[in-house]
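Below is one structure, written out as structure tokens, with a few remarks after it.
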Amino acid sequence: MSGPNPALTQVAGLPIADPDLAVAVSDGLDRVEELLHREVHSDYRFVTETSLHLIDAGGKRFRPLLTLLAAQLAGGTSEDVVVAATSVELVHLATLYHDDVMDEAVMRRGADSANARWDNSVAILTGDYLFAHASRLVSQLGPEAVRIIAETFAELVTGQMRETRGPRDGEDAVEHYLAVVAEKTGSLIATSGRFGAMFAGAPDEHVTAMRRFGEIIGTVFQVSDDIIDIASPSGASGKTPGTDLREGVPTLPVLYALAGDGPEVARLRELGVGSRELADDEVGEALELLRGSRGLDEARRALDARADAARAELATLPDGPARRALAALLDYTVARIG
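This note's numbering numbers the first residue of the sequence shown as 261 and each following residue consecutively.
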């Protein structure tokens, strides 16, 4: 069995084979990090402290990475590309502050969440502050960028509202779930890819392909998380299995499993899987039932179908190191499920 390729350079967790691309993307991420810190600085020190709370807690910087890779398909990392990459990360961070309030979370990225460290009001206002600065940055990129980010804001809020309210009477639960994921997760990742290609001067058809690729890979990432939460042995993924079950979240494998029949499905319904928070002993039983259900197989097929759709979008883009790195990003996301 061969070992790791020594020629690969890890950039934000992504192995990049081309050394020039690795340097360009790594340098771009450093510029994004610098702008993030500079942008949230306030004369009121407490605002700076709360804003840096999640910035300095780390994170994958997945969205800026996608923006920078998309830019390498065309003109490379211009100042506008750095501004665009920073703005999408600020939007993402702002949503995390708000999400933690809605979820009553106590931890985020291995640290106390802002709402736990301070209170809900501070967390909400910090999220609003980051949204404001994201908007200010995007205004430097022109009216088209402002329109795009405004539409993205609307999709993010619609997805959250859709998730909060749940499916309407008679609405297919799986279709509802996929709509939520496309809006809550896919929309901002789509804008990340779109901005990178757009501000690097790529032709319209390549900008469109990167937007579509971003939305699809956002869904792929979420569905792979859903599968890992059920299928991964304890500790293998770095996460505790059954987290979504404990929180009563109806993920894709759960929805597919509940659409079936038989005594196992009846027991899952009796437990209230996906509709209420489960105790630890109930989580263990639910995991065992779900691992033997058709739900995981259906979710894996859905994941593979979307990965194929993402590869089809990549096939329309110029061949080269950047496209291969984007393909590696997709493959990594799919391979997480084992």
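Ideal Cβ placement from N, Cα and C applies to all residues, glycine included.
Under the DSSP definition of a beta bridge, which residues are partnered with R368?
A371
My output table needs one value for V271: the three-state DSSP class, helix, strand or coil.
strand
Terminal residues of the alpha helix (DSSP H) in which I591 lies:
With the sequence shown as reference, residue 591 is identified as Asp, and Ile is not the correct amino acid for it. Where D591 is concerned, the enclosing alpha helix (DSSP H) stretches over P581 to A595.
State the Cα-Cα distance for the pair V307 and D316, rounded to the nearest angstrom.
V307 and D316: Cα-Cα distance of roughly 14 angstroms.
Take Q332 as the anchor and find which of G446, A585 and L390 has the nearest alpha-carbon.
A585
For G498, count neighbouring C-beta atoms within 10 Å of its own C-beta (all shown protein chains included) and say buried if the count is 16 or more, exposed if not.
Since pLDDT at G498 reaches only 49, below the 50 mark, its modelled position is unreliable, and the value read off the structure follows with that caveat. When all chains shown are included, G498 counts as exposed.
Limits of the unbroken alpha helix (DSSP H) element including T310
R305 to I315
Taking L328 as the reference, give the member of S452, A405, G461 and L390 with the closest Cα.
Selected option, being the one with the closest Cα: S452.
Start and end residues, alpha helix (DSSP H) containing V467
D464 to A491
Hey, which unbroken runs of the alpha helix (DSSP H) at 4 residues or more fall wholly within the region 384–467?
Fully enclosed alpha helix (DSSP H) runs of no fewer than 4 residues occupy 403–425, 433–441 and 447–459 of the region 384–467, in order along the chain.
Backbone CA spacing between G532 and R396 [nearest angstrom]:
45 angstroms
Extent of the continuous alpha helix (DSSP H) to which T503 belongs
T503 to E507
Inspect the beta-carbon positions of G426 and G446 and report whether they are closer than 9 angstroms.
no
Minimum C-alpha distance to V343 - residue among G288, E364 and D379:
G288
Can you give the Cα-Cα distance for D540 and D504, rounded to whole angstroms?
Rounded to the nearest angstrom, the two C-alpha atoms are 12 angstroms apart.
Three-pair Cβ contact test at 8 angstroms for the region 556–571 versus the region 513–523:
yes
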